[in-house]
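So the structure is just underneath, and the comments pick up after that.
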Ligand SMILES: *Cc1c(COP(=O)(O)O)cnc(C)c1O
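Residue numbers (the numbering used here): 759 to 1269.
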């Protein structure tokens, strides 16, 4: 039997009055100031750390005690341990040399908005539980919808509406559930096994996962093949032939997820023609613009979502490329009732209130999976107001221009090639087969892929920059995603030099 510690305070029969208020305003002021200083120093010195964490699995349990402290510990001591033990295990997404995945671009406004929201710490499940949380969310969703020139039908002012969720995965699950119930209400629940969900082989796995959770038959998820010829966009003809053969087999087309800016290569599905096909079969179309949607606040990128008026729902992650700290996924739907029908439950007595019964308010608990919800609108509101449309566009254009600059550097070096056209602020490149031939290296597809994989690992282990990869059309590509808020041209130039140096060394040693 383990020995049970006796609470020393109970032991000597006293209750200490020291620090018994976990929200003491004076202590809050002191410690929170300290924390802001800590973070300011972190941002200032962020480049001194390796971008990708270099620790081995399990490293942290070697540094920390096996059980929680019984006695309180001061914030100073805890911060010291953050510096010593946690930071080595951090991959620095805010580093200007982080070019991996997609950006998670934070900002002062995003941080302060999060701070306010966390400080108020309200649980805005329905309107009454914090009217400002609900109303601000509806207002900023209409603001952002207008900035994107979404059709009026997606805005509250036009009969639709927007909601802030945690992530795209949740947003897709919610829209899929809405589409499913909308369809089954018409034809009967027994048909669920016949429903089919469509995407391309570039569609984010979130859709397949959502389909599984939503009870769609796992055999009824179609990942339609894309090709380099169509720049890895989903072809409306391929979609239609997949649908036709499913219909012939007695299945029921339900849902299409079209992507604006795929995760692998930022490919774009053309919404107009795809929505036309989907409409003929009465399907729900969701537009996943998790990363690239943000760029559509700039006129020169808006054409990428032309045709969105034919879709049923649209989402983007403000925590990717919209300077809003994690997490903040913006979802708009044309038919909020479809969402509400799928996600609401009969209201338990303790949630009943006059406002909800009046049907004049939004109860966002019915627009998402969970009951409790954070005051996320606060950070989006701060971001929109602090930077204004003008600077948000400038930030995005700045990143796109840096990516263009990097693209130019790649194009000038004959040992490298660009693999797919650049659409936004991400460049997909690799060491070319001809460079390997020049160095008398085997240059069949497999060897070229292997060489590039080794190159990327060598770069990332060195820690100065961090990039990740994808495989598109069988080709291993290195993805250079610009978008960290601290990045400037100097970092992009340095990154290119790091790539060249590593490639040069590898080509020399191998020949
Ligand atoms: C990042 C991404 C997702 C997943 O986003 P989460 O918010 O992490 O769920 C989905 N689709 C695309 C295209 C993405 O780039």
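Positions of the beta carbon are idealized from the N, C-alpha and C atoms, including for glycine.
Local Cβ density within 10 Å of residue i, reported as buried at 16 or more and exposed below that
{"i": "residue 1203", "result": "exposed"}
{"i": "residue 809", "result": "buried"}
{"i": "residue 838", "result": "exposed"}
{"i": "residue 1049", "result": "buried"}
{"i": "residue 791", "result": "exposed"}
{"i": "residue 786", "result": "exposed"}
{"i": "residue 962", "result": "buried"}
{"i": "residue 956", "result": "buried"}
{"i": "residue 1054", "result": "buried"}
{"i": "residue 760", "result": "For residue 760, the pLDDT reaches just 42, beneath the cut-off of 50, and the residue's location in the model is therefore unreliable, although a value from the coordinates is still provided. It is exposed - the Cβ of residue 760 has fewer than 16 other Cβ atoms within 10 Å."}
{"i": "residue 854", "result": "buried"}
{"i": "residue 1170", "result": "exposed"}
{"i": "residue 991", "result": "buried"}
{"i": "residue 900", "result": "buried"}
{"i": "residue 1205", "result": "exposed"}
{"i": "residue 965", "result": "buried"}
{"i": "residue 1120", "result": "buried"}
{"i": "residue 945", "result": "exposed"}
Distance, residue j Cα to residue i Cα
{"i": "residue 902", "j": "residue 1191", "result": "44 Å"}
{"i": "residue 1124", "j": "residue 1166", "result": "48 Å"}
{"i": "residue 1092", "j": "residue 929", "result": "14 Å"}
{"i": "residue 893", "j": "residue 921", "result": "11 Å"}
{"i": "residue 1108", "j": "residue 919", "result": "26 Å"}
{"i": "residue 914", "j": "residue 1019", "result": "26 Å"}
{"i": "residue 1030", "j": "residue 1065", "result": "4 Å"}
{"i": "residue 1185", "j": "residue 936", "result": "36 Å"}
{"i": "residue 824", "j": "residue 1182", "result": "47 Å"}
{"i": "residue 864", "j": "residue 1265", "result": "37 Å"}
{"i": "residue 875", "j": "residue 888", "result": "12 Å"}
{"i": "residue 762", "j": "residue 960", "result": "Bear in mind that the predicted position of residue 762 carries a pLDDT of just 49, short of 50, making it too unreliable to give a figure here."}
{"i": "residue 1227", "j": "residue 847", "result": "21 Å"}
{"i": "residue 772", "j": "residue 829", "result": "Note on residue 772: pLDDT 47, under 50, position unreliable in the model; the coordinate value appears next. Going from the Cα of residue 772 to the Cα of residue 829 covers about 15 Å."}
{"i": "residue 1263", "j": "residue 1178", "result": "26 Å"}
{"i": "residue 1005", "j": "residue 978", "result": "12 Å"}
{"i": "residue 1076", "j": "residue 1059", "result": "17 Å"}
{"i": "residue 816", "j": "residue 822", "result": "11 Å"}
{"i": "residue 981", "j": "residue 958", "result": "4 Å"}
{"i": "residue 813", "j": "residue 849", "result": "10 Å"}
DSSP-derived helix/strand/coil call for residue i
{"i": "residue 1145", "result": "helix"}
{"i": "residue 1044", "result": "strand"}
{"i": "residue 1120", "result": "coil"}
{"i": "residue 1129", "result": "coil"}
{"i": "residue 1227", "result": "strand"}
{"i": "residue 1033", "result": "helix"}
{"i": "residue 1068", "result": "helix"}
{"i": "residue 1237", "result": "strand"}
{"i": "residue 1016", "result": "strand"}
{"i": "residue 938", "result": "helix"}
{"i": "residue 856", "result": "strand"}
{"i": "residue 880", "result": "coil"}
Bridge partner(s) assigned by DSSP for residue i
{"i": "residue 923", "result": "1087"}
{"i": "residue 988", "result": "None; residue 988 has no bridge partner."}
{"i": "residue 1175", "result": "1188"}
{"i": "residue 1074", "result": "1088"}
{"i": "residue 914", "result": "Answer is none; residue 914 lacks a bridge partner."}
{"i": "residue 1109", "result": "In the DSSP output, where bridge partners are listed per residue, residue 1109 has none listed."}
{"i": "residue 956", "result": "980, 1014"}
{"i": "residue 1026", "result": "1018"}
Practice task
Kindly confirm or deny that the segment 929-938 and the segment 1078-1094 touch, where touching means at least three C-beta pairs closer than 8 Å.
Solution key: A contact exists between the segment 929-938 and the segment 1078-1094.
Handout entry: Three or more C-beta pairs below 8 Å linking the segment 1059-1073 and the segment 1025-1040
Key = Yes, the segment 1059-1073 touches the segment 1025-1040.
Exercise for the section: Flag this pair as touching only if the segment 1100-1107 and the segment 1149-1160 have three or more C-beta atom pairs under 8 Å; answer yes or no. Expected result: Flag = no, the segment 1100-1107 and the segment 1149-1160 do not touch.
Exercise for the section: Check whether the segment 795-815 touches the segment 829-836, counting contact only when three or more Cβ pairs, one atom from each stretch, lie closer than 8 Å. Expected result: Not touching, per the Cβ criterion.
Exercise for the section: Check whether the segment 1128-1141 touches the segment 938-951, counting contact only when three or more Cβ pairs, one atom from each stretch, lie closer than 8 Å. Expected result: Contact annotation: the segment 1128-1141 does not touch the segment 938-951, with fewer than three C-beta pairs closer than 8 Å.
Problem - Contact the segment 1234-1244 vs the segment 1219-1226: 3+ CB pairs below 8 Å - result: Counting C-beta pairs with one atom in each stretch, the segment 1234-1244 and the segment 1219-1226 have three or more that are closer than 8 Å, which means they touch.
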